[in-house]
Every structure is written in structure tokens, then in C-alpha cells.
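Asker: Read in order, the letters of the sequence shown correspond to residues 8 to 691 in my numbering.
C-beta: ideal position from N, C-alpha, C; glycine also.
On a predicted model such as this, the values are computed, not experimentally measured, just so you know.
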Amino acid sequence: MNTHLTLLQALVILLPLFGFVVAILAPNKMKKMYLVETGIMFVSLVLAAILFFTKIFNFSEEIIRSQFTLFSLGMGEKPFELLVDLTMDNMTVSLLFMVTLISFLVHFFSLEYMAEDPLKNRYFGYLGLFTFSMLGLVSTGSILFIYIFWELVGLSSYLLIGFWGYKDEAADACSKAFITNRVGDFGFFLGVLTLFITYRSFDLFYIFGEIAKGSYPYGSEVWLTVAGLLLFCGAIGKSAQFPLHVWLPDAMAGPTPVSALIHAATMVAAGVYMIVRLFPMFTETAFIVIGVIGGFSALMAATVALTQLDIKKILAYSTVSQLGLMVLAVGVGAYQAAIIHLMFHAFFKAGLFLGSGSIIHATHSQDIMDMGGLRKKMPVAFYTTLMYALSLIGFPLTIGFLSKEMILTSSLVLGNMTGNYIYFVFVVLTSVLTSFYIFRYIFLIFFGEPRNKHAYEHANDLNIFIKLPLIVLAALCFFFFFTLNPITLHGSYVTELLFKFPDILLPKEITHGFLTASPGNIYSTEYMHSLHESELLATLTSALIILAGVGTAWYMYMKKKLVPKVPEGALGKLYLFSQNKWYLDELYGVTVIKGTHLTAALMSWIDKNIVDGVINLGAWVTVALGKFSAAFDLYVIDGLVNLVAWINGFFSMFIRKFQTGKVQSYLTLAMVFIVLFVMYVFSN
8 MNTHLTLLQA LVILLPLFGF VVAILAPNKM KKMYLVETGI MFVSLVLAAI LFFTKIFNFS
68 EEIIRSQFTL FSLGMGEKPF ELLVDLTMDN MTVSLLFMVT LISFLVHFFS LEYMAEDPLK
128 NRYFGYLGLF TFSMLGLVST GSILFIYIFW ELVGLSSYLL IGFWGYKDEA ADACSKAFIT
188 NRVGDFGFFL GVLTLFITYR SFDLFYIFGE IAKGSYPYGS EVWLTVAGLL LFCGAIGKSA
248 QFPLHVWLPD AMAGPTPVSA LIHAATMVAA GVYMIVRLFP MFTETAFIVI GVIGGFSALM
308 AATVALTQLD IKKILAYSTV SQLGLMVLAV GVGAYQAAII HLMFHAFFKA GLFLGSGSII
368 HATHSQDIMD MGGLRKKMPV AFYTTLMYAL SLIGFPLTIG FLSKEMILTS SLVLGNMTGN
428 YIYFVFVVLT SVLTSFYIFR YIFLIFFGEP RNKHAYEHAN DLNIFIKLPL IVLAALCFFF
488 FFTLNPITLH GSYVTELLFK FPDILLPKEI THGFLTASPG NIYSTEYMHS LHESELLATL
548 TSALIILAGV GTAWYMYMKK KLVPKVPEGA LGKLYLFSQN KWYLDELYGV TVIKGTHLTA
608 ALMSWIDKNI VDGVINLGAW VTVALGKFSA AFDLYVIDGL VNLVAWINGF FSMFIRKFQT
668 GKVQSYLTLA MVFIVLFVMY VFSN
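1. Between the C-alpha atoms of M678 and S636, what's the straight-line distance to the nearest angstrom?
2. If you draw a straight line from the alpha carbon of Y395 to that of K39, how long is it in whole angstroms?
3. Does D374 come out as helix, strand or coil in the three-state DSSP assignment?
4. Can you find the residues in the same chain that come closer than 8 Å, C-beta to C-beta, to A17, ignoring five residues on each side of it along the sequence?
5. Tell me, to the nearest whole angstrom, how far the beta carbon of G194 is from that of L237; I am working on the premise that it is less than 8 Å.
6. With contact counted as at least three CB pairs below 8 Å, one residue from each stretch, are the region 157-167 and the region 209-217 in contact?
7. Measuring alpha carbon to alpha carbon, tell me which of H348, K320 and S304 ends up nearest S363.
8. Please classify P23 as buried or exposed, where buried requires at least 16 other C-beta atoms within 10 Å of its C-beta.
9. Would you check if the region 250-269 and the region 164-178 touch, i.e. whether three or more CB-CB distances between them fall below 8 Å?
10. Alpha carbon to alpha carbon, how far is F431 from L415? Give it in angstroms, no decimals.
11. List the residues that DSSP assigns as beta-bridge partners of S149.
12. Taking only the alpha-carbon atoms, compute the straight-line gap between L591 and F59 and give it to the nearest angstrom.
13. Please determine, among A369, V19, T201 and T370, the residue with the shortest C-alpha to C-alpha distance to F111.
14. Please return the same chain residues whose Cβ sits closer than 6 Å to the Cβ of S325, not counting the five positions on each side in sequence.
15. Rounded to the nearest angstrom, what separates L404 and H497 at their Cα positions?
16. Are the region 378-386 and the region 540-550 touching, with three or more C-beta to C-beta distances below 8 Å?
17. The ligand MN heavy atoms versus the CB of I155: any closer than 6 Å?
18. Here's a check: name, in chain order, each residue in its chain whose Cβ is nearer than 6 Å to the Cβ of M563, leaving out the five neighbours to either side.
19. Compute the Euclidean distance between the alpha carbons of L330 and P224, then round it to the nearest angstrom.
20. With contact counted as at least three CB pairs below 8 Å, one residue from each stretch, are the region 481-500 and the region 131-149 in contact?
21. Taking 7 Å as the threshold (C-beta atoms), are D374 and A462 in contact?
22. Identify the continuous alpha helix (DSSP H) that holds S585 and give its terminal residues.
23. Write down every uninterrupted run of the alpha helix (DSSP H) in the region 441-502 whose length is 4 residues or greater and which is fully enclosed by it, in chain order.
24. How long is the line joining the alpha carbons of K515 and I70, rounded to whole angstroms?
25. Helix, strand or coil: how does DSSP classify D124 here?
26. F689 lies in the alpha helix (DSSP H); which residues open and close that run?
27. If I'm right that L202 touches I150 with Cβ under 8 Å, what's the distance once you round it to whole angstroms?
28. By how many angstroms is the C-alpha of M281 removed from the C-alpha of G401?
29. From L609 to L624, what does the alpha carbon distance come to, in whole angstroms?
30. Terminal residues of the continuous alpha helix (DSSP H) containing I552?
31. Verify whether the separation of the beta carbon atoms of G278 and S328 is less than 7 Å.
32. With a cut-off of 8 Å on the beta carbons, I'd call S365 and I473 a contact; round off their distance for me.
33. When you compare each of E123, Q315 and G135 to V43 by their alpha carbons, which one comes out closest?
34. Tell whether a beta-carbon distance below 7 Å holds between F351 and I406.
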């Protein structure tokens with residue numbers, strides 16, 4: 008049976024790749040090949056659903072692994088073998104189902120949204136490539152193949168963000184996303200290299216087992232911390248955490264369904280998935296860094312979302328903020344809360360982006376100041392968006408309440424046990440701001456009087472291709488799909504089967520007590536008791552958060568009917584600070600970008616004047632030596648040879664005069680020489 012499940016898993020992963028190949032290679036005359044790609048995605052979804060229910064309800068305790076050797080290098084007892092690894096646990100099949108579901112809904116939505124685009128075959132092909140990459144990433148237990156699929160996800164994102172590359176905004180955005188992610192991915196690569204050098208293996212379960220035995224990189228826990236933080240660098244880039252978050256808002260230049268799939272539901276969640284999967288190797292120091300970066304990113308992004316006017320950028324910064332909460336959850340040890348919020352957030356944030364796409368498609372504007380009163384013209388978009396917003400703020404009876412409550416409780420428990428409430432403060436402040444900005448979004452778009460009559464008159468809910476994905480995702484925001492208890496997930500199949508402690512991370516032979524691998528991530532009995540005791544306080548806090556945020560938004564935009572504008576005085580400076588995204592783009596512009604340009608100019612000068620100067624000097628010296636050598640050869644060596652030749656010639660010409668060929672001349676010369684000889688003899 009396990010073989011059948013592995014085959015099913017392979018089909019789920021490979022079908023979108025097949026769709027990509029078909030869509031890209033299809034002749035131009037096959038203009039409706041995108042329908043084939045959508046059909047292939049539906050088949051992948053059905054197979055993922057079968058795999059999900061079969062694994063969860065029949066083999067929930069098993070970690071199913073299939074490996075085969077791609078190639079082997081070296082000889083002896085331990086040659087290096089590169090293994091292709093398919094790993095299947097409950098977290099894997101849950102994410103396979105989630106990714107294929109949202110990907111199919113995005114495909115379906117795009118049938119209408121991209122109907123007029125002449126390159127839609129290519130667009131649907133890119134969606135298939137991205138889906139394949141994401142499915143592969145969550146289906147392997149090899150850190151090498153995680154890295155390979157990680158890079159494929161980045162490539163797919165680049166292609167989709169830059170799909171409308173003829174627009175300068177899209178071309179710049181895809182380059183910014185690609186380069187920013189390269190920074191984080193370089194750290195990820197160094198982390199992978201550190202693990203391989205230490206353990207001579209890419210198998211995560213083997214690595215976790217060695218760490219549990221006390222085997223650390225270079226024999227030091229410090230290096231284990233360094234390796235963990237290097238891997239976390241990849242998550243900072245991919246999950247858009249500070250300081251590498253700046254690419255995500257600009258990535259909204261791509262088609263809106265792309266934002267729903269990549270920048271809300273899946274790609275940006277890859278970083279969170281990765282640190283959850285690697286949770287057993289993080290040390291206490293690494294957890295502190297992870298928690299602080301996640302908390303700061305969550306709060307910072309929420310403050311920026313408060314003042315944005317672009318409908319997609321509000322949701323983009325909301326995504327950065329929610330990802331920050333997931334990262335914070337990992338930092339406080341609540342990896343179960345992190346992965347559950349990841350899955351739930353995918354549903355309601357994908358819905359928010361698709362809802363914004365329907366509004367943009369209907370009004371032909373992304374500026375919320377062009378909207379207002381749309382609930383009457385677009386009731387489906389309104390009610391579904393309201394459901395997504397309630398989930399985002401953690402309103403009771405929604406899935407957002409269940410997952411956000413877990414994060415709030417976990418951060419409170421850590422504060423109770425250690426006296427460090429900074430994480431709890433991060434969560435509370437972020438949640439208050441979230442409640443405010445998302446209902447500012449609701450009130451300004453759907454309530455009040457239309458601020459742009461032309462956009463209002465053209466607005467409507469469009470057809471079934473737009474409505475159905477919105478309705479499906481809104482339905483999934485209700486609690487009863489995941490638990491019968493609207494207050495807590497404890498005892499539900501989500502916590503007991505899908506994401507059960509600690510089985511989602513480690514095979515049983517590596518677990519001891521609650522969870523043991525690296526130092527610092529062992530949960531105590533005291534922690535578990537405190538977790539249950541803090542739930543009521545967390546619930547009350549959550550209620551106050553919602554009242555504060557939503558109440559303030561209602562007072563400002565419904566009762567006072569304020570229009571977003573820059574206030575006067577010191578508050579105006581804070582408003583501009585938020586609206587200009589903390590001036591981080593400008594800061595990077597004058598530091599990183601300008602610094603890069605200055606460095607490039609300096610390197611160019613050094614290259615031209617020093618490197619090329621040395622090379623040119625060498626060339627000049629070589630030429631001078633060549634000329635000297637040529638002159639020496641011409642005037643000295645050839646001169647001596649020519650002098651000898653001239654002397655020989657001269658004497659030859661002289662002697663030649665005596666060679667007349669006449670016997671009389673020869674006799675005369677002989678007589679002269681004889682006379683001279685006789686005279687010489689007698690003179691002596």
C-alpha cells in the first residue's frame with residue numbers, strides 16, 4: 008500500500024510539471040491549451056485529496072519514505088550517494104492538498120481574469136511550474152532537494168511577477184524579487200553546505216538523529232546555531248521578513264491571481280514551512296533571533312498597512328505581517344501553531360487577493376480612493392471579503408480565531424515562564440493594527456458613497472469563474488471544516504492527526520519525551536500545563552484586540568466618515584513615515600543600491616587604471632623589449648653576419664680579378680711569386 012501512496016504522491020507532484028511542458032510547447036494555433044493545463048491541475052487536486060484522506064485516516068502514524076540512488080561517487084565503506092527522496096507525513100499531505108486546492112482555484116479564477124491576454128497559455132504554464140516546485144519542496148526529506156525546489160520556486164516567482172514584462176513596473180519588480188531572494192538564498196546555501204560538511208549527508212532525519220546524539224558542526228553548539236541561522240536566512244528572503252521584505256509589495260505588479268497563489272498562499276509560506284521542518288536543529292539562541300525577527304516584521308508591516316491606498320499593497324503588507332506572526336510562533340516554540348496558521352492563512356489571504364482581483368477587474372483601478380459603496384454592486388465580493396477579514400482578525404467561529412489564538416497563547420505562556428513578554432506584546436500590537444487596517448479596507452471599499460462614479464457604474468460581480476473560487480475559500484474560513492469546537496483546536500483532527508506533536512517533525516526513534524534534538528527546544532510538562540491555563544486570558548485579550556481595532560476603524564471611517572489624508576503636525580510625520588514604508592526603500596537606495604553603484608564605479612576605475620594599467624605597462628615593456636630585440640638583431644647580430652659576408656665578398660672580388668682563365672696570366676703570376684720568394688730567401 009505504501010508503494011501505491013508514493014506513486015500517488017509522485018503523480019500529484021509531476022502532473023503540474025507536465026501541464027507546464029504542454030502549455031509552453033503547444034503550437035501557437037492551439038490557443039486554448041490553457042484549458043488543458045487547468046484540467047491537469049484539477050486531476051492533481053483530486054489525487055491530492057485521495058492521498059490526503061487515505062494517509063490521514065489509515066496511516067496517520069507512519070512516515071512513508073521512498074529513496075533511490077541517482078548516482079554514487081567514490082569508493083570504500085562510505086561512498087557519497089545522491090538520493091532522490093520522497094517523504095510523506097501528515098504535514099506533507101496536508102500541504103499537498105492545500106497547495107493543489109488553491110492552485111486549482113487560481114487557475115479557475117484566471118480563466119476569466121486572463122481571458123483577454125494573448126499570452127495566457129504561457130501564464131498557465133508558469134502557474135504549473137510554480138505548483139510543481141512548491142509540491143516538490145514539501146515532499147522531500149533531503150535538504151539538498153529542498154534547496155533545489157526552493158530555487159525553482161524563486162524562478163517561477165520571477166517569471167510570474169514579470170509576466171507583464173513590457174511594463175517597467177513589472178520588469179523592475181521581478182528583478183527586485185529575484186535579487187533580494189538571492190541574498191537570503193546565499194545564506195541558505197551556506198547552511199546546507201555546513202550540514203553536508205559535518206554529516207556527509209543531506210538526509211534530514213539522519214541529521215536530526217546525529218544532533219540528538221550530541222554531534223554538532225565542528226563539535227560546537229555555536230556552529231549548530233550558526234548553521235541554523237544561515238538556513239533561516241533563506242526563510243527571511245522567501246517569507247519576506249525584515250530586512251528582506253521589500254520585494255513582496257513590489258511583486259504586486261504581476262497579475263492579481265499570481266499574488267493570491269504565490270504571495271499569499273504558497274511561496275511566501277515556503278520559508279515558514281522550512282523552519283518548521285528544520286525545527287529540531289535550532290538552538291535556544293537561534294529561537295530568540297527567529298522570534299525577534301518575526302515579531303518585529305509582523306509589527307512593522309502592520310504599521311505600514313495602516314496608511315496604504317493601493318488595494319494590493321495593503322494585502323501585501325498584511326501578508327508580511329501574518330508571516331511574521333508565524334515566524335514568531337516558531338521562535339517561541341509553537342511550531343504546531345505556526346504550521347496551522349500557515350494553512351489557515353493561505354485560505355483567507357488567497358481569498359482576499361482574489362477578491363481584490365475581482366474588484367480591480369470590475370473597476371479597473373487599484374486605488375481604494377476610487378471605490379466606495381461597492382457592497383451594493385458586488386455583493387458576492389463583499390460578503391466573501393468580509394468573511395476573509397473576520398478570519399484575518401481572529402473573529403470567533405472562524406479558522407483565524409483558532410490559529411491566532413494558539414500563537415497568542417504560546418507567546419503568553421513563554422512570558423509567564425521566563426518573564427519575557429516581548430513576543431506577547433508583538434502579537435497583541437500586531438493584532439490590534441490588523442483589526443484596524445483590514446476594516447479600514449472594508450469600510451473604504453464597500454461602504455459610504457462612491458468616490459468614482461465611472462468605476463462604480465462599471466462594477467459587478469462578474470461570472471462564475473470569479474464567484475466560485477471566492478465562495479469556496481470563504482466557506483473554508485468557517486471553523487466546522489476543521490473542528491466541532493469553535494473555541495479551540497485541541498482534540499480536533501487538525502491537532503491530533505494533521506499536525507500532531509511531535510510526529511510532524513521527527514520519526515519516533517529520534518523523539519525523547521516531548522521533542523529532543525538540539526538543546527533548547529524541549530517542552531516541559533510545566534509548559535504544557537501553562538498552555539492550557541492561559542487559554543482563557545488569551546481569548547479575552549483577543550476579544551479586546553478586535554474591539555479596539557475594528558471599533559477605531561468604524562469610528563474614523565463610518566461615523567466620522569474621514570477620508571485618508573496626511574494629518575497636520577507631528578502625527579502627519581508619523582503618517583508619512585508609515586505611508587512611505589518606513590523609508591526603507593529610500594534607505595536601501597542610498598546605502599545598498601548607491602553603495603553597489605559606487606563600488607561598481609570604484610571597481611571599474613581600478614580595473615581601467617590599475618589592473619588595465621599594469622597590464623598595459625606590461626604590454627608596453629614587452630613591445631619596447633621587442634623593438635630593442637629587433638634593433639639588436641638587425642644592427643648587431645645581422646650587422647656582424649653582414650660584415651663577414653661583405654669582407655668575404657670584397658676579397659672574393661679581389662681574388663676574382665686574378666682568375667682570368669688565361670695560361671699566360673697564370674705563368675706571369677707564378678714567375679712574380681717565384682721572384683718574390685727568391686728575393687725573400689736571399690734577403691734573409
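Answerer: Considering the structure as presented:
1. 53 Å
2. 33 Å
3. strand
4. L93
5. The beta carbons of G194 and L237 sit about 5 Å from each other, so the pair counts as a contact at 8 Å.
6. Verdict: no, contact absent.
7. K320
8. buried
9. yes
10. 7 Å
11. D210
12. A direct Cα-Cα distance of roughly 42 Å separates L591 from F59.
13. Answer by Cα proximity: V19.
14. A312
15. 15 Å
16. no
17. Looking for the ligand MN in the displayed structure turns up nothing, as the structure carries no ligands at all.
18. Only L569 meet the Cβ criterion.
19. 29 Å
20. Counting C-beta pairs closer than 8 Å gives fewer than three between the region 481-500 and the region 131-149, which falls short of the contact rule.
21. No, the pair does not count as a contact, with Cβ atoms beyond the cut-off.
22. A577 to Q586
23. 460-465 and 471-482
24. Note that K515 has pLDDT 47, beneath the 50 cutoff, so the model's placement of it is unreliable and the number below is only indicative. The alpha-carbon atoms of K515 and I70 are separated by roughly 10 Å.
25. DSSP places D124 outside both helix and strand once states are collapsed to three, so it counts as coil.
26. V670 to S690
27. 6 Å
28. Going from the Cα of G401 to the Cα of M281 covers about 25 Å.
29. 21 Å
30. Where I552 is concerned, the enclosing alpha helix (DSSP H) stretches over E542 to W561.
31. no
32. That pair is a contact at about 5 Å.
33. G135
34. yes
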